[in-house]
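Just so you know, the protein sequences line up as chains A and B, in that order.
Going by my numbering, the first residue of the first sequence is number 101, and it counts up by one from there.
Going by my numbering, the first residue of the second sequence is number 108, and it counts up by one from there.
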Amino acid sequence: MSIATPPKEPQGGGVIDLDVYTPIEEPRTKTTQHKGILRWLTTVDHKMIGVMYLWFAGFSVIFGGALAGLIRTQLAFPNGIGGKPLMTPEYFNQFIGMHATFMMFGFVIPAFAGFGNYVIPIMIGARDMAFPKMNAFAFWILVPSGLLMASSFFFGSIPGGWTSYAPLSTKTYAPNLGVDMWIFAIHLAGVSSILGAINFIVTMSNMRAPGMKWFRMPLFCWATLVTSWLQLIGTPVLAGVVTMLLTDRILDTGFFNPAKGGDPLLYQHLFWFYSHPAVYIMMIPGFGMVSQVIQTFSGRPTFGYKGMVYATAFIGVVGFLVWGHHMFSAGMEPWLRAYFGFMTMLVGVPTGVKIFSWLATLWGGSIRFTTSMMFALGFLGLFTIGGISGVFLANVPFDVQVHDTYFVVAHIHYVMFGGAVMTIFAALYYWFPKMSGRYLSERLGKVIFWLIFTGMNVTFLPMHWLGIAGMARRIYTYRPEFHSLNMIVSSGYLLMLTGGLLLVGNVFYTLLAKRRTAPNDAWGGNEVQNTLEWMTTSPPPAHNFDRVPKIVPMAYESLHH
Amino acid sequence: MSDVAITTPDAAHAHSHEHAEHIHLPDPSLWPFLVAMSAGIIPVGILLLIAEKSMGGAVLGIGIVFVIISALGWCTSVIREKPTLDSAWANRTLSMGWKLFLVSEGAIFGAFFGHLFYIMYHWHKGAAWPPAGTPPISLIIPAIGTGLLVTSSVTCEMAHKFLLLGRRGACKSMMVLTMALGLIFLTLQALEWGVLGGLNFAPHTNIIGTLFYLITGFHGFHVLTGMMFLFLVYARLEFGSFDRSRHFSMNAASWYWHFVDVIWLLVFFTLYVGIQPAAH
Numbered sequence: 101m102s103i104a105t106p107p108k109e110p111q112g113g114g115v116i117d118l119d120v121y122t123p124i125e126e127p128r129t130k131t132t133q134h135k136g137i138l139r140w141l142t143t144v145d146h147k148m149i150g151v152m153y154l155w156f157a158g159f160s161v162i163f164g165g166a167l168a169g170l171i172r173t174q175l176a177f178p179n180g181i182g183g184k185p186l187m188t189p190e191y192f193n194q195f196i197g198m199h200a201t202f203m204m205f206g207f208v209i210p211a212f213a214g215f216g217n218y219v220i221p222i223m224i225g226a227r228d229m230a231f232p233k234m235n236a237f238a239f240w241i242l243v244p245s246g247l248l249m250a251s252s253f254f255f256g257s258i259p260g261g262w263t264s265y266a267p268l269s270t271k272t273y274a275p276n277l278g279v280d281m282w283i284f285a286i287h288l289a290g291v292s293s294i295l296g297a298i299n300f301i302v303t304m305s306n307m308r309a310p311g312m313k314w315f316r317m318p319l320f321c322w323a324t325l326v327t328s329w330l331q332l333i334g335t336p337v338l339a340g341v342v343t344m345l346l347t348d349r350i351l352d353t354g355f356f357n358p359a360k361g362g363d364p365l366l367y368q369h370l371f372w373f374y375s376h377p378a379v380y381i382m383m384i385p386g387f388g389m390v391s392q393v394i395q396t397f398s399g400r401p402t403f404g405y406k407g408m409v410y411a412t413a414f415i416g417v418v419g420f421l422v423w424g425h426h427m428f429s430a431g432m433e434p435w436l437r438a439y440f441g442f443m444t445m446l447v448g449v450p451t452g453v454k455i456f457s458w459l460a461t462l463w464g465g466s467i468r469f470t471t472s473m474m475f476a477l478g479f480l481g482l483f484t485i486g487g488i489s490g491v492f493l494a495n496v497p498f499d500v501q502v503h504d505t506y507f508v509v510a511h512i513h514y515v516m517f518g519g520a521v522m523t524i525f526a527a528l529y530y531w532f533p534k535m536s537g538r539y540l541s542e543r544l545g546k547v548i549f550w551l552i553f554t555g556m557n558v559t560f561l562p563m564h565w566l567g568i569a570g571m572a573r574r575i576y577t578y579r580p581e582f583h584s585l586n587m588i589v590s591s592g593y594l595l596m597l598t599g600g601l602l603l604v605g606n607v608f609y610t611l612l613a614k615r616r617t618a619p620n621d622a623w624g625g626n627e628v629q630n631t632l633e634w635m636t637t638s639p640p641p642a643h644n645f646d647r648v649p650k651i652v653p654m655a656y657e658s659l660h661h
Numbered sequence: 108m109s110d111v112a113i114t115t116p117d118a119a120h121a122h123s124h125e126h127a128e129h130i131h132l133p134d135p136s137l138w139p140f141l142v143a144m145s146a147g148i149i150p151v152g153i154l155l156l157i158a159e160k161s162m163g164g165a166v167l168g169i170g171i172v173f174v175i176i177s178a179l180g181w182c183t184s185v186i187r188e189k190p191t192l193d194s195a196w197a198n199r200t201l202s203m204g205w206k207l208f209l210v211s212e213g214a215i216f217g218a219f220f221g222h223l224f225y226i227m228y229h230w231h232k233g234a235a236w237p238p239a240g241t242p243p244i245s246l247i248i249p250a251i252g253t254g255l256l257v258t259s260s261v262t263c264e265m266a267h268k269f270l271l272l273g274r275r276g277a278c279k280s281m282m283v284l285t286m287a288l289g290l291i292f293l294t295l296q297a298l299e300w301g302v303l304g305g306l307n308f309a310p311h312t313n314i315i316g317t318l319f320y321l322i323t324g325f326h327g328f329h330v331l332t333g334m335m336f337l338f339l340v341y342a343r344l345e346f347g348s349f350d351r352s353r354h355f356s357m358n359a360a361s362w363y364w365h366f367v368d369v370i371w372l373l374v375f376f377t378l379y380v381g382i383q384p385a386a387h
């Protein structure tokens, strides 16, 4: 076997022995392949499943984005146009609830699952996930979930916002079938999440190529591993609590009914026991992807690899201990408020470790301002703002003051949009050539980045001021003095919309019109981080590598640990 | 365990050049798609029932039948392709996946137990416990049930040991005994439900009714699932497709059974003991 390139230092130290890899002329896979649509329906290939997850996420983000447009139109013209109201308050409430549900369960989580499915088995040198059929099932179960979720619109969907707090969601206040449909949609999405999590944990535990030790795994793998544990432990609790809501609704049980000795507050406790870790489920894989992007385009390996790993794990553990900070104004013993406030601020420590590690990685690097890198840098700035307003909110007196105002909306969007969504765009531009063999337009990409970045700030920054001034969230109207700022906020949406439409156009144009030109190492300079996905063809063959890679330790590896 | 298809990591072949040409990838399969789509029919059926539409039951039935048929198809396809795999590695992977699944099952029970503990802890000082409408629930029947389930865990483990020793007949009798104990347990549970139902104690009576029926019902459902699982394993023993090194579904079924047993101990010592009237 010939050595393709000199041995190089991988992620956490060690050398990838490249004699195991030779470029592939044509797939030597021995499985039978179907043609056309049946090929997608029957596939158990992690790469095709990953791509399907990404398409699912794409449809969801378009749908969720359209709902956001309706919300912003209403808030731009709260009294209607020409005296005619645009929508009923009930519709407005449905739109905000479904916007959130689609963006989280339909877009961010499936997008991370998509990238993870595509990249992680390759990164650890495996041929596929541990349970390929279960992998396909976990994707396909999302389809009925999404259909149920979308069709619940015809039955009033969820009138009480995405959290569906009892008693807003109990039979008394929400007798419509839409809530039940939402519950079942959450169940199915939960099944997908749990099975996906099991698959990732087992894959990374048992499928690593020879020599791919735990601390040689790229940071994206670590991030997905931690996320999978959060999903595995958190999602069943969500399934449990919506099941209780369902039995309260259809069997008239007393879980959340104080007249029967139940407690509606308990819905919030159990709901946030999942949904707070869910914030990290929607954030940590993004951290991992950004780590890959930043080290590629700054030409330096991640500063403090092990620190990053431990920080990620620490965020995961503490993530389960802070749910009460969503409930400071809901009634809670003072010592519990102090505890949750303290723990919440504690999350800032590992997050700070990560932010400073990224900055230290950039420091002294030869930075290439590709679109992917710009989204990653945008993430760094925006997520820091979201993190800092999070520390504000961890303070009980402040939180009680701004609870259920637009300050919280601004915070969540700086974290979820400035954080998760920016990392998804960064990852899309980063791995698109690997997945398709084609590059998305860099020139257009920069325009898209600036449109989305500017639009994002124009939309969400004024929300901080609106919130402190007292504008309540989840209400279809507001006091007249908030109108000018709301017009600015809604105009920011138009910027993001333009950016989003350009991106959709770019993706379709590239897929249909451009030819495959991406080399193995599509961005060059993989010798810095040395991850395996850049050592196979773009796109990779069904079996990823002709021979299983063998990662051999460097002579002086101990110096790194 | 419905999914046992695995790709081999080729770890054993990494150094031997003669194996370089052979790459085993799992065959494509329509079953996951079919199971997922059939599973999507079930909530539609339940929703139609909630909306009191006449075809709800039929749709629900169709959904369940489709799920069972397609799941059996999936299992059959997996059993057929299994011998191509490296069995030690496959066992390790499957075990891990199954244990993680049990962790997530535990978390669902965790939500219900969390609810129970919260209610017990926050019950108004001085207010009657258990709340009005709760009949006295005897500890005798559940204590017998505890004995039955603990014994069945032991017999289940013995069945496993007998299989390892190669004593198929003894293994099969132990499995039958395990399933019988499970069946007696479920019968007792049904009896208890019947008695309590006769005292007008229902899920909608009060929070104790809710927690009692939902937790014991959910646990009972797991006992039933565990029995069906044991029965499938028993059927495979009968057809002789197990040997000492390849009997993962036996392991899985017995872990599941122990898991159900442990959950029951929690049910007994927190739910049943907890809702007894206060001593003073």
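Note that the Cβ used here is the ideal one computed from N, Cα and C, for glycine as well.
Source: prediction; values computed, not measured.
Residue i at chain A interface by Cβ criterion, 9 Å
i: Met144 (chain B); result: yes
i: Ala195 (chain B); result: no
i: Val374 (chain B); result: no
i: Asn358 (chain B); result: no
i: Ile248 (chain B); result: no
i: Leu306 (chain B); result: no
i: Tyr225 (chain B); result: yes
i: His365 (chain B); result: no
i: Met203 (chain B); result: yes
i: Arg199 (chain B); result: yes
i: Val172 (chain B); result: no
Contacts around residue i, its chain only, beta-carbon distance under 8 Å, and the 5 residues preceding and following it disregarded
i: Thr317 (chain B); result: Pro310 and His311
i: Asp260 (chain A); result: In the sequence under discussion, the amino acid at residue 260 (chain A) is Gly, which differs from the Asp named in the question. Excluding residues within five positions, the ones whose Cβ falls inside 8 Å are Asn193, Gly197, Leu268, Ser269, Tyr273 and Ala274.
i: Ala622 (chain A); result: Pro533, Lys534, Tyr539, Trp634 and Ser638
i: Leu288 (chain B); result: Leu255, Leu256, Thr258, Ser259 and Thr262
i: Glu89 (chain B); result: Chain B is shown only over 108 to 387; residue 89 (chain B) falls outside these bounds and no answer can be derived.
i: Gly290 (chain A); result: Thr335, Pro336, Leu338 and Ala339
Among the options, nearest to residue i - alpha-carbon criterion
i: Ala527 (chain A); options: A:Met187, A:Ala250 and A:Tyr218; result: A:Tyr218
i: Tyr191 (chain A); options: A:Pro580, A:Trp623, A:Pro641 and A:Arg574; result: A:Arg574
i: Leu303 (chain B); options: B:Glu212, B:Gln383 and B:Thr241; result: B:Thr241
i: His326 (chain B); options: B:Ile148, B:Phe140 and B:Asp368; result: B:Asp368
i: Ser257 (chain A); options: A:Phe237, A:Ser375 and A:Trp282; result: A:Trp282
i: Phe208 (chain B); options: A:Asn299, A:Met473 and A:Met389; result: A:Asn299
i: Ser591 (chain A); options: A:Ile162, A:Gln174 and A:Trp155; result: A:Gln174
i: Ile455 (chain A); options: A:Ile467, A:Met432 and A:Gly486; result: A:Gly486
i: Ser489 (chain A); options: A:Gly518, A:Asn606, A:Arg615 and A:Thr577; result: A:Gly518
Chain B within 9 Å of residue i, Cβ atoms only
i: Thr129 (chain A); result: Its pLDDT being 49, under 50, Thr129 (chain A) is placed unreliably by the model, and nothing is read from it.
i: Lys360 (chain A); result: yes
i: Phe355 (chain A); result: yes
i: His376 (chain A); result: no
i: Val652 (chain A); result: no
C-alpha distance - residue i paired with residue j, whole-angstrom precision
i: Ala277 (chain B); j: Leu270 (chain B); result: 8 Å
i: Ala286 (chain B); j: Phe338 (chain B); result: Residue identity differs from the one stated: residue 286 (chain B) is Met in this sequence, not Ala. Between Met286 (chain B) and Phe338 (chain B), the C-alpha separation is close to 8 Å.
i: Met512 (chain A); j: Val589 (chain A); result: In the sequence as displayed, the identity of residue 512 (chain A) is Ile instead of Met. For Ile512 (chain A) and Val589 (chain A), the distance between alpha carbons rounds to 15 Å.
i: Val500 (chain A); j: Phe356 (chain A); result: 24 Å
i: Phe336 (chain B); j: Ser361 (chain B); result: 9 Å
i: Thr122 (chain A); j: Asp646 (chain A); result: At Thr122 (chain A) the pLDDT is 40, less than 50, meaning the model places this residue with poor confidence and gives no usable figure here.
i: Val174 (chain B); j: Phe237 (chain A); result: 12 Å
Close-in-space but distant-in-sequence residues of the same chain around residue i (CB under 7 Å, 5 per side omitted)
i: Ile415 (chain A); result: Tyr380, Ile384, Val447, Pro450 and Thr451
i: Ser136 (chain B); result: Ser184
i: Ala167 (chain B); result: This sequence places Leu at residue 167 (chain B); Ala is not what is there. If we look at Leu167 (chain B) and ignore the five residues flanking it on each side, its Cβ neighbours are Ile149, Gly152, Ile153 and Leu156.
Beta-bridge partners of residue i, as assigned by DSSP
i: Ile181 (chain A); result: A:Lys184
i: Lys360 (chain A); result: BP columns for Lys360 (chain A) are empty, so no partner.
i: Thr505 (chain A); result: A:Ala572
Neighbourhood of residue i by C-beta, 6 Å cutoff - its chain only, sequence neighbours within 5 removed
i: Arg308 (chain A); result: Ile224
i: Gly667 (chain A); result: Coverage of chain A is limited to positions 101 through 661, which leaves residue 667 (chain A) absent and any answer about it impossible.
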